[in-house]
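In the working numbering, the protein residues as written are 71 to 152. Every residue, glycine too, gets a C-beta built ideally from N, C-alpha and C. This report refers to the structure that appears directly beneath it.
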Amino acid sequence: MMRGLMRKIEEVAAEQRATRITAVDVWLGALSHMSDGHFREHFVQASADGIAEGATISTELSDDITHPNAEDVLLRGIEVET
Ligand SMILES: [Zn+2]
């Protein structure tokens, strides 16, 4: 899950010719088993020594278990430095 998300973040960063990712905004599905705090732990681990290390994280935790992406974590946007 984090690997897919990190790949997506790196793709978007590459498209924008980013040298650093300063902020990441994600949507946490109700059935993704992610809370804000748990996502942060995973993100810190997954981004260590990479372009997104130290990025500001914003999350929205969904409570809609019938949402088509309820099991997923979706990337809503990133902010970068170029
Ligand atoms: Zn976990």
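Check                                                                                                                : Outcome
CA-to-CA distance, residue 130 to residue 84, given in whole angstroms                                               : 25 Å
Contact check, residue 72 vs residue 116, beta carbons under 8 Å                                                     : yes
Neighbourhood of residue 140 by C-beta, 6 Å cutoff - its chain only, sequence neighbours within 5 removed            : 99, 100, 101
Exposure of residue 118, with buried meaning 16 or more beta-carbon neighbours within 10 Å                           : exposed
C-alpha distance - residue 123 paired with residue 135, whole-angstrom precision                                     : 31 Å
Own chain partners of residue 133 with C-beta closer than 7 Å, once the 5 adjacent residues on each side are dropped : 100
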